[in-house]
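First to last, the protein sequences are chains C and X.
full-length UniProt numbering puts the first residue of the first sequence at 1, with every later residue one more than the last.
full-length UniProt numbering puts the first residue of the second sequence at 1, with every later residue one more than the last.
Right, one structure below, let's go through it.
There are 2 protein chains.
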Amino acid sequence: MDSPFLKYLSQTVHVKQEHLPLLDELISRRQLKKNDVLLTAGQVCKHMFFVEEGLLRLFSTDENGKEHIVQFASENWFMSERGSLYFGTPSEFSIDVLEDSQLVVFDQEFIEKASSISAEFRTYNEYLLQNHIRHLQKRINLLIGASAEQRYIEFINLYADLTLRIPQWMIASYLGITPESLSRVRKGLSRQNFK
Amino acid sequence: MDSPFLKYLSQTVHVKQEHLPLLDELISRRQLKKNDVLLTAGQVCKHMFFVEEGLLRLFSTDENGKEHIVQFASENWFMSERGSLYFGTPSEFSIDVLEDSQLVVFDQEFIEKASSISAEFRTYNEYLLQNHIRHLQKRINLLIGASAEQRYIEFINLYADLTLRIPQWMIASYLGITPESLSRVRKGLSRQNFK
DNA sequence: CTACTGCATTGACCTATGGTAAGAAGTATG
DNA sequence: CATACTTCTTACCATAGGTCAATGCAGTAG
Chain C
1 MDSPFLKYLS QTVHVKQEHL PLLDELISRR QLKKNDVLLT AGQVCKHMFF
51 VEEGLLRLFS TDENGKEHIV QFASENWFMS ERGSLYFGTP SEFSIDVLED
101 SQLVVFDQEF IEKASSISAE FRTYNEYLLQ NHIRHLQKRI NLLIGASAEQ
151 RYIEFINLYA DLTLRIPQWM IASYLGITPE SLSRVRKGLS RQNFK
Chain X
1 MDSPFLKYLS QTVHVKQEHL PLLDELISRR QLKKNDVLLT AGQVCKHMFF
51 VEEGLLRLFS TDENGKEHIV QFASENWFMS ERGSLYFGTP SEFSIDVLED
101 SQLVVFDQEF IEKASSISAE FRTYNEYLLQ NHIRHLQKRI NLLIGASAEQ
151 RYIEFINLYA DLTLRIPQWM IASYLGITPE SLSRVRKGLS RQNFK
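What follows is the structure, encoded as structure tokens:
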């Protein structure tokens with residue numbers, strides 16, 4: 001009964017003990033394998049996921065079939081295509097599984113119910129939205145103003161743990177460059193005794 | 001009494017008539033001139049602005065003194081550095097005035113009070129956050145996956161009105177390219193009979 | 001009218017990053 | 001163990017976009 005999600009709700013979201021069982025009733029869990037697909041572009045996203053264990057990615061596929069990674073989510077992160085979930089419109093993005101994963105699954109209705117049950121949950125949900133905006137804005141600022149090398153350095157500072165779990169070509173995709181370019185960037189950094 | 005802001009609250013946010021005077025009491029207005037500065041990077045952002053008339057921009061300045069524009073706001077748009085406003089941390093970004101403007105000014109406390117006075121306001125505020133995220137994500141997707149030309153075409157489709165009011169070098173800055181490059185992109189498009 | 005200022009354009013040249021192809025190393029699979 | 005696959009790297013060339021400098025063209029202050 002002491003799942004990572006309940007622990008997170010209790011310790012991080014500060015949901016009161018008495019409310020935990022009420023929320024626990026409303027969620028379900030899924031066990032997924034590497035390469036499983038959770039959302040395909042064109043579908044409406046009906047769920048939000050909380051990663052208890054594993055790793056997910058949110059990405060788009062362009063007209064040439066190239067994938068562009070918008071977001072990763074590992075342990076204790078939420079993942080969804082919020083635009084599609086909230087507005088009920090088809091998603092431009094897909095979500096799939098990079099490592100065998102254990103997920104908590106819920107929907108928009110859960111968020112509303114949980115917000116009315118627990119004021120702390122409501123507050124935390126707004127915190128998540130605000131934080132997400134801050135993060136995306138910072139990333140845009142890097143994309144319009146910084147070199148591939150600077151962006152890579154930012155990435156490994158921010159996601160040191162993920163850097164080891166994610167193949168480099170996916171990091172390149174997240175940074176908006178090709179795997180070959182990232183390889184060259186890394187070579188350049190290693191020549192400068194970086195790391 | 002029929003200010004653009006109250007009209008917006010009533011018609012777009014769907015705040016009830018009886019709540020309008022309560023909210024109106026809590027705001028103030030400012031009249032600003034082109035080039036006035038509303039927020040300087042390094043300061044904590046204390047306000048959110050609603051543009052009744054005029055045009056604002058949110059931008060960063062990099063170590064070489066180059067400006068990178070993150071966002072514009074014209075009539076009936078809200079502008080703030082939400083990260084700094086919500087978290088109380090110093091802003092990486094600045095806000096200034098591109099055209100003589102009339103603004104409604106309020107703070108985070110207003111948002112909370114207004115949310116408790118008017119359920120419609122609370123709902124709309126969450127809508128704004130969700131919409132902002134959707135918009136930023138889309139922009140990131142373009143920055144990591146699309147050419148300067150594609151991004152420019154997206155921009156003028158989305159902001160046809162602004163395209164005429166904003167100097168091209170600022171549009172270039174928003175797109176993450178130089179003014180010279182934008183000029184060449186435009187030349188290329190005109191050769192293809194674009195527009 | 002003249003001078004000044006800011007913006008857009010253009011050309012010549014340069015640099016960062018992309019495209020392609022190949023090989024090396026590691027890892028999964030039968 | 002053998003094979004196939006994925007990832008990473010490297011080399012070579014191509015290209016988008018950056019840099020710098022010059023020009024032209026308003027708008028506007030004197």
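Just so it is clear, CB atoms sit at the ideal spot from N, CA and C, and this is done for glycine as well.
Run of the beta strand (DSSP E) containing residue i, from where it starts to where it stops
i	result
residue 88 of chain C	Note, residue 88 of chain C: premise wrong, no beta strand (DSSP E); not H, not E.
residue 166 of chain C	No beta strand (DSSP E) holds residue 166 of chain C; DSSP gives it neither H nor E.
residue 67 of chain C	67 to 73
residue 37 of chain C	37 to 39
Three-way DSSP call (helix, strand, coil) for residue i in this model
i	result
residue 61 of chain X	strand
residue 3 of chain C	coil
residue 27 of chain X	coil
residue 135 of chain C	helix
residue 95 of chain X	strand
residue 161 of chain C	helix
residue 118 of chain C	coil
residue 101 of chain C	strand
residue 42 of chain C	coil
residue 81 of chain C	coil
Exposure of residue i, with buried meaning 16 or more beta-carbon neighbours within 10 Å
i	result
residue 137 of chain C	buried
residue 196 of chain X	Beyond the ends of chain X as shown, which are 1 and 195, falls residue 196 of chain X; an answer cannot be given.
residue 196 of chain X	Absent from the model: residue 196 of chain X. The displayed extent of chain X is 1 to 195, so no value can be given.
residue 71 of chain X	buried
residue 8 of chain C	buried
residue 158 of chain C	exposed
residue 73 of chain C	buried
residue 64 of chain C	exposed
residue 172 of chain C	buried
residue 149 of chain C	buried
residue 132 of chain C	buried
residue 56 of chain X	buried
residue 139 of chain X	buried
residue 116 of chain X	exposed
residue 190 of chain C	exposed
residue 182 of chain C	buried
residue 164 of chain X	exposed
CB of residue i within 9 angstroms of CB of residue j, strictly
i	j	result
residue 94 of chain C	residue 59 of chain C	yes
residue 85 of chain X	residue 46 of chain X	yes
residue 54 of chain C	residue 98 of chain C	yes
residue 109 of chain X	residue 75 of chain X	no
residue 128 of chain X	residue 152 of chain X	no
residue 69 of chain X	residue 170 of chain X	yes
residue 83 of chain C	residue 122 of chain X	no
residue 101 of chain X	residue 43 of chain X	no
residue 90 of chain X	residue 41 of chain X	yes
residue 200 of chain X	residue 179 of chain X	With chain X represented from 1 up to 195, any question about residue 200 of chain X goes unanswered, as that position is not in the structure.
residue 13 of chain X	residue 118 of chain X	yes
Range covered by the alpha helix (DSSP H) that runs through residue i
i	result
residue 15 of chain X	Premise fails: residue 15 of chain X is in no alpha helix (DSSP H) and is neither H nor E.
residue 177 of chain C	Premise fails: residue 177 of chain C is in no alpha helix (DSSP H) and is neither H nor E.
Nearest-angstrom beta carbon gap, residue j and residue i [assumed within contact, 8 angstroms]
i	j	result
residue 96 of chain X	residue 36 of chain X	7 angstroms
residue 144 of chain X	residue 162 of chain C	With 8 angstroms as the limit, residue 144 of chain X and residue 162 of chain C do not qualify as a contact, their Cβ atoms being about 17 angstroms apart.
residue 81 of chain C	residue 39 of chain C	6 angstroms
residue 16 of chain C	residue 154 of chain C	At roughly 37 angstroms, the Cβ-Cβ gap does not stay under 8 angstroms, so residue 16 of chain C and residue 154 of chain C are not in contact.
Proximity test, residue i beta-carbon vs the ligand FAD heavy atom, cut-off 8 angstroms
i	result
residue 164 of chain C	No copy of the ligand FAD occurs in the structure displayed, which carries no ligand at all.
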